[in-house]
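Those protein sequences? They're chains A and B, same order as listed. Take 1 as the starting number for the first sequence in the UniProt record's numbering and just add one per residue. Take 1 as the starting number for the second sequence in the UniProt record's numbering and just add one per residue. Don't be surprised by glycine CBs; every beta carbon is placed ideally from N, CA and C. Just below is one structure, and these are the notes that go with it.
Protein chains: 2
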Amino acid sequence: MENLNEIVFYSLDKAIRSYRQFAHQQLSAHGFDVTVDQWLVLRSIGENPDYSQHQIAEMTFKDYASLTRIIELLVKKKYLERTMHQHDRRRFNLTLTDSAHQVLKAMQPVIENNRKHALMDISHSDIQQLQKTLSQIIKNCGIT
Amino acid sequence: MENLNEIVFYSLDKAIRSYRQFAHQQLSAHGFDVTVDQWLVLRSIGENPDYSQHQIAEMTFKDYASLTRIIELLVKKKYLERTMHQHDRRRFNLTLTDSAHQVLKAMQPVIENNRKHALMDISHSDIQQLQKTLSQIIKNCGIT
DNA sequence: TTTTAATTATTGATATATCAATTATATTTG
DNA sequence: CAAATATAATTGATATATCAATAATTAAAA
């Protein structure tokens, strides 16, 4: 009983790592030069073009320092552009380049396929149940 | 429908990160100088004193290169000792120091408490269900 | 038995996570 | 308004993940 509690965190770790490895391999195999994390950040900025880096970091559950570095790389790869913010000179506007829109579009089917593959032989209700349990764990570990 | 598949991987990632952050904070708060990953490696070596680094890496689901570096740190912290292998000069014997045994013992209640806290308000059968679904995801993403 | 294969571990390069400190700018407040 | 405080983002240091290349040694094959 106590043992299952131990194993379940081990499995949690292993499951997400397995998925990330699998997803990364698929993306490389299709010739994309965007990591899973970079993809997440790109998509998040695309959906929220007016967000600050701080807000993007919260959305993607990334550390602010990490996000700064991921954004640097995306700018270097010409997937992102930074322009000055009109009212607040501490901030930047982040905008996806055409190239980013293209690559996101091209990656979409691969990513959807990855998810489908990873959830193979798992029923919809089991996925709902998984979601529910994960949410509770997130809540339990949240800063009080 | 498709959306849940997306969210569930996001939650998976967020759940394990939340847990790791929470666990790390608890360990620091109790004054331990061992990270979650270092703890995992120490415990794994303690339970399998005759394993090669390769085998420890597989047990802990860690990259070989990562493991080399984690072990370096543990040797530096005087929690591990490396001695020559009798028959195979490519390998090392890894042994926990007394200091490591002590710290593992002292950490144990904190770690058990972390798990209990993270699984608060989740029934035993829900944990079993979680375990089952995670195993299927691991299987689906597995290369081997 | 020499050559080839496989195994064990390390190292270098790059990406990401985390913590602490710092810079620049905005906002609040006395 | 000036001083204190808060916010946005960056930077440095250290830990870990991943990939590719390498070194040392052992095992297998010719």
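B/T60 sits close to B/L40, with the two beta carbons spaced by under 8 angstroms.
Separation of B/R20 and B/L134 (C-alpha to C-alpha, rounded to the nearest whole angstrom) is 17 angstroms. Chain A has no Cβ within less than 8 angstroms of the Cβ of B/G46. In chain B, no part has a C-beta under 7 angstroms from the C-beta of A/A57; the shortest such distance is about 13 angstroms.
A check of alpha carbon separations from B/L104 across B/F9, B/F32, B/I56, B/Q53 identifies B/F32 as the nearest. Interface with chain A (8 angstroms Cβ-Cβ cutoff): B/G31 is excluded. A Cβ-Cβ separation of about 6 angstroms places B/Q129 in contact with A/Q129 under the 8 angstroms criterion. Here DSSP, grouped into helix, strand and coil, assigns A/F61 to coil. Within 10 angstroms of the beta-carbon of B/S18 lie 16 or more other beta-carbons, which makes it buried.
Residue contact check for B/Q136 against chain A: a CB pair falls below 8 angstroms.
Inter-residue distance for B/I7 and B/E81 is about 44 angstroms (C-alpha atoms, whole angstroms). When rounded, the separation of the alpha-carbon atoms in A/N93 and A/S66 is 18 angstroms.
In the three-state scheme derived from DSSP, where H, G and I count as helix and E and B as strand, A/R17 is classed as helix. For B/R115, the C-beta contacts it makes with chain A under 9 angstroms involve E2, N5, E6, V8, F9, in order along the chain.
Sequence-distant partners of B/S44 (beyond 5 residues in either direction) whose C-beta falls short of 6 angstroms from its own C-beta, in its chain, are I56, M59, T60. Within the stretch 83-123 of chain A, the complete beta strand (DSSP E) segments of 3 residues or longer fall at 92-96, listed in chain order. Taking the beta carbon of A/M107 as reference, no residue of chain B falls within 7 angstroms; the closest one sits roughly 13 angstroms away.
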